[in-house]
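*Asks:* Quick note: to get our numbering, add 7 to the position in the sequence shown (first position is 1).
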Amino acid sequence: MKIGVIGDIHEDVLALRESVKRMELAGCTEVICLGDIVGFKVNTYPYLDTRSAHECIAIVRDICSGVVIGNNDLYQVKKIPRFTGGFPFPPDWYDLDFMERKTLSEGRLFLYEDVQLSALLTKTDRSYLESLPDFLIRDYAGQRWFFSHFAYPDLHGLHTSFPKRAEEILDHLSFIRSQGCVLGVSGHMHHEGITLCDESAIHRQGFGTFALLPSLQYLYGPCIARCQVNHGFLILDPEEGTVEAVSLGG
Numbered sequence: 008m009k010i011g012v013i014g015d016i017h018e019d020v021l022a023l024r025e026s027v028k029r030m031e032l033a034g035c036t037e038v039i040c041l042g043d044i045v046g047f048k049v050n051t052y053p054y055l056d057t058r059s060a061h062e063c064i065a066i067v068r069d070i071c072s073g074v075v076i077g078n079n080d081l082y083q084v085k086k087i088p089r090f091t092g093g094f095p096f097p098p099d100w101y102d103l104d105f106m107e108r109k110t111l112s113e114g115r116l117f118l119y120e121d122v123q124l125s126a127l128l129t130k131t132d133r134s135y136l137e138s139l140p141d142f143l144i145r146d147y148a149g150q151r152w153f154f155s156h157f158a159y160p161d162l163h164g165l166h167t168s169f170p171k172r173a174e175e176i177l178d179h180l181s182f183i184r185s186q187g188c189v190l191g192v193s194g195h196m197h198h199e200g201i202t203l204c205d206e207s208a209i210h211r212q213g214f215g216t217f218a219l220l221p222s223l224q225y226l227y228g229p230c231i232a233r234c235q236v237n238h239g240f241l242i243l244d245p246e247e248g249t250v251e252a253v254s255l256g257g
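(1) If you run the structure through DSSP and keep just helix, strand and coil, what is C63?
(2) Kindly confirm or deny that the segment 82-94 and the segment 161-176 touch, where touching means at least three C-beta pairs closer than 8 Å.
(3) Determine the extent of the beta strand (DSSP E) in which H210 is found, giving its start and end residues.
(4) If the criterion is Cβ atoms closer than 9 Å, does the pair F157 and G77 meet it?
(5) Nearest CA to the CA of V12: which residue from Q235, M106, V236, L226?
(6) Can you give me the C-alpha to C-alpha distance between R108 and S125, rounded to a whole angstrom?
(7) Based on the DSSP secondary-structure assignment, which residues constitute the bridge partners of S193?
(8) Indicate whether S155 and V189 have their beta-carbon atoms separated by less than 9 Å.
(9) So the alpha helix (DSSP H) S112 belongs to, where does it begin and stop?
(10) Are E18 and V49 touching if we call contact CB-CB under 9 Å?
(11) Rounded to the nearest angstrom, what separates D141 and S181 at their Cα positions?
(12) Out of I201, F105, T167, which has the shortest C-alpha to C-alpha gap to G215?
(13) Checking 9 Å against the spacing of the C-beta atoms, do V20 and G42 come in under that value?
(14) Tell me the DSSP bridge mates of V250?
(15) If you count every other CB in all the chains shown that lies within 10 Å of the CB of A22, and 16 or more means buried, which is it?
(16) Do C35 and C71 come within 9 Å of each other at the CB atom, strictly closer than that value?
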């Protein structure tokens, strides 16, 4: 059994199609999507002429056994998140103008519309994004694995801060454990390769194959979208106890 894990697609349908081909060749029997299917930033992504939120959603719906919602998905459908990372969202958050939200957020939140184009979505696309869960739990080879867009308490990746030290991911490891899981997998960070985290350290790695710990662990992988860093996806093998970060670059 091999599980392909994709995320942070950001409307890059060409890169998504290539990842589907690569996962099929690798023998993946299941695919999980970690969110941010949509959300195109003009200052980040170089594929303006080929971006397609609608096609990306169609592919994800077709191939994925499970999908979670990401921060950019939430923004495009104007959905107040369940997990806020401690920020008190007012009920009319999306009705406030940009400068009001900028003042209220005090730089703690991504606000999007200063750099992001509207996703071109059908009503069905919007309903699909709105229906996506906050996280997924799956049983593989006698273990429970936890999938989310980012790390608790900011499960959706709403905040502008990112963990740099092991103590900053302890809350997420505790949340994974509270769900009866031993492994957590997320995206959002757009790092090259893979990062493996335990209670003592954050281990930044490149692309390649790495052993999973038998104890509590959290990892996050690369983005599908073409951007300033090398992009790719993950292949999890629960029977072999390994994770492979596959590069789509070059």
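For glycine and all other residues, C-beta sits at the position ideal for the given N, C-alpha and C.
Just so it is clear, the structure is predicted and the values come from calculations on it, not from any experiment.
*Replies:* In terms of the structure at hand:
(1) Start at 1 with the first residue of the sequence shown, and residue 63 comes out as number 56. Three-state DSSP puts C63 in a helix.
(2) yes
(3) Position 203 of the sequence shown holds residue 210. That run of the beta strand (DSSP E) goes 209-211.
(4) Start at 1 with the first residue of the sequence shown, and residue 157 comes out as number 150. Start at 1 with the first residue of the sequence shown, and residue 77 comes out as number 70. Taking 9 Å as the Cβ cut-off, F157 and G77 qualify as a contacting pair.
(5) Taking the first residue of the sequence shown as position 1, residue 12 is located at position 5. The option with the nearest alpha carbon to V12 is L226.
(6) The residue labelled residue 108 in the question sits at position 101 within the sequence shown. The residue labelled residue 125 in the question sits at position 118 within the sequence shown. Taking the straight line joining both Cα atoms gives about 18 Å.
(7) For the purposes of this step, residue 193 is taken as the residue at position 186 of the sequence shown. Y227, per the DSSP bridge assignment.
(8) Sequence index remark: in the sequence shown, residue 155 carries index 148 (1-based). Sequence index remark: in the sequence shown, residue 189 carries index 182 (1-based). Contact: no.
(9) Numbered from its first residue, the sequence shown carries residue 112 at position 105. First-last of the alpha helix (DSSP H) with S112: 105-112.
(10) Position 11 of the sequence shown, counting from 1, holds the residue named residue 18. Position 42 of the sequence shown, counting from 1, holds the residue named residue 49. In this structure, V49 does not lie closer than 9 Å to E18 by Cβ.
(11) Within the sequence shown, residue 141 is the residue found at index 134, counting from 1. Within the sequence shown, residue 181 is the residue found at index 174, counting from 1. Approximately 17 Å, taken between the alpha carbons.
(12) Here residue 215 refers to the residue found at position 208 of the sequence shown. Checked all of I201, F105, T167; the closest Cα to G215 is I201.
(13) The sequence position of residue 20 within the sequence shown is 13, counting from 1. The sequence position of residue 42 within the sequence shown is 35, counting from 1. No.
(14) Position 243 of the sequence shown, counted from the start, is the residue given in the question as residue 250. BP columns for V250 point to F217, L243.
(15) The residue labelled residue 22 in the question sits at position 15 within the sequence shown. Classification of A22: buried, given that the 10 Å Cβ count is 16 or more.
(16) For the purposes of this step, residue 71 is taken as residue 64 along the sequence shown, with counting starting at 1. For the purposes of this step, residue 35 is taken as residue 28 along the sequence shown, with counting starting at 1. In this structure, C35 does not lie closer than 9 Å to C71 by Cβ.
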